[in-house]
Amino acid sequence: FTKDDENVNSQPFMRWRDRFVFCAEAIYKAQAETGEIKGHYLNATAGTCEEMIKRAVFARELGVPIVMHDYLTGGFTANTSLAHYCRDNGLLLHIHRAMHAVIDRQKNHGMHFRVLAKALRMSGGDHVHAGTVVGKLEGERELTLGFVDLLRDDFIEKDRSRGIFFTQDWVSMPGVLPVASGGIHVWHMPALTEIFGDDSVLQFGGGTLGHPWGNAPGAVANRVSLEACVQARNEGRDLALEGND
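Numbering (our numbering), first residue to last: 108 to 352.
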């Protein structure tokens with residue numbers, strides 16, 4: 108999968124409808140060449156809920172399997188409306204947390220991201236950006252894994268060391284996959300697979316485009332390193348202890 112940036116909306120130099128069509132064309136070309144299912148997170152965030160749904164409908168008509176929403180800038184009720192549409196129409200919904208730092212990085216006011224993450228799970232979405240522990244958006248490991256578990260597990264025991272202040276039973280409410288994104292690249296892969304496990308999404312932006320040989324070799328490097336780390340883990344090796352070399 109590839110994705111729109113959270114700031115990509117419908118600027119004069121890149122109108123949303125044109126971008127959706129061009130991205131769909133690239134998806135089908137890649138699928139024909141590889142025989143694999145591909146996708147692109149089309150950013151459906153808009154100024155009104157009606158406009159947002161219109162963009163999601165157009166993405167579905169193009170056969171794109173996933174759309175994206177900036178749930179804090181768009182708002183919780185708008186996000187829930189989009190989540191319901193996506194769930195009813197077979198679309199995946201990728202959630203970006205743009206603007207979260209204004210709320211959760213302040214020392215004197217605001218809300219911790221674990222609260223925003225739980226609110227997102229109640230609002231609806233399939234995966235959400237959740238920090239990386241490593242990379243440029245790193246956070247404290249135990250606290251990050253605490254709200255990662257709150258996103259994807261059905262029952263989480265109280266554990267104050269991980270920021271979980273009371274036992275949480277989600278009953279049948281669907282989980283949300285955590286997305287590790289922000290300043291990560293192939294060198295972080297052993298740590299990422301060890302920290303986040305299988306039920307996660309790893310996004311490499313600059314870590315792909317910054318490859319000295321170009322974009323395509325960067326994507327190949329990501330995939331090869333991930334498959335190598337998974338194979339090593341399945342063989343009983345601990346790459347976090349062995350080191351990246």
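All C-beta atoms, glycine included, are put in the ideal place defined by N, C-alpha and C.
Here the structure is a predicted model, which is why all the values come from computation and not from measurement.
query                                                                                                           : result
Simplified DSSP assignment, three categories, for I263                                                          : strand
First and last residue of the uninterrupted beta strand (DSSP E) at I202                                        : L199 to H203
Under 7 Å between C-beta atoms of N354 and D111                                                                 : Residue 354 is absent from the structure shown; the chain starts at 108 and stops at 352.
Environment of A133 [buried if 16+ CB atoms lie within 10 Å]                                                    : exposed
Bridge partners - Q338, DSSP secondary structure assignment                                                     : For Q338, which the question treats as bridged, DSSP gives no partner whatsoever.
Residue span of the beta strand (DSSP E) that contains H292, given as start and end                             : Note, H292: premise wrong, no beta strand (DSSP E); not H, not E.
Spatial neighbours of E301 in its chain, beta-carbon cut-off 6 Å, leaving aside the 5 residues before and after : A347
Per-residue DSSP class, three states only, for P319                                                             : coil
Span separating the alpha-carbon of S117 from that of M159                                                      : 12 Å
Alpha-carbon spacing of G270 relative to G142, whole angstroms                                                  : 43 Å
Residue closest to H292, alpha-carbon to alpha-carbon, out of Q310, Q275, W277 and K265                         : Q310
Beta carbon of T180 nearer than 7 Å to that of A205                                                             : yes
Within the stretch 181-259, ranges of the alpha helix (DSSP H) (whole runs, at least 4 residues)                : 183-195, 207-211, 220-230 and 248-259
Three-way DSSP call (helix, strand, coil) for N329 in this model                                                : helix
Residue nearest to G412 in terms of C-alpha spacing, selected from A224, A139, H201 and V209                    : It is not possible to answer for residue 412, since the shown part of the chain is limited to 108 through 352.
L189 classed as buried or exposed, judged by whether at least 16 other C-beta atoms fall within 10 angstroms    : buried
Beta-carbon proximity of V255 to L284, cut-off 7 Å                                                              : no
Simplified DSSP assignment, three categories, for K110                                                          : strand
Integer-rounded CB distance, given that A163 should sit under 8 Å from C130                                     : Their Cβ separation, rounded to whole angstroms, is 14 Å, which puts C130 and A163 out of contact at 8 Å.
Alpha-carbon to alpha-carbon, R330 and V345                                                                     : According to the sequence shown, residue 345 is Asp rather than Val. C-alpha separation (whole angstroms): 19 Å.
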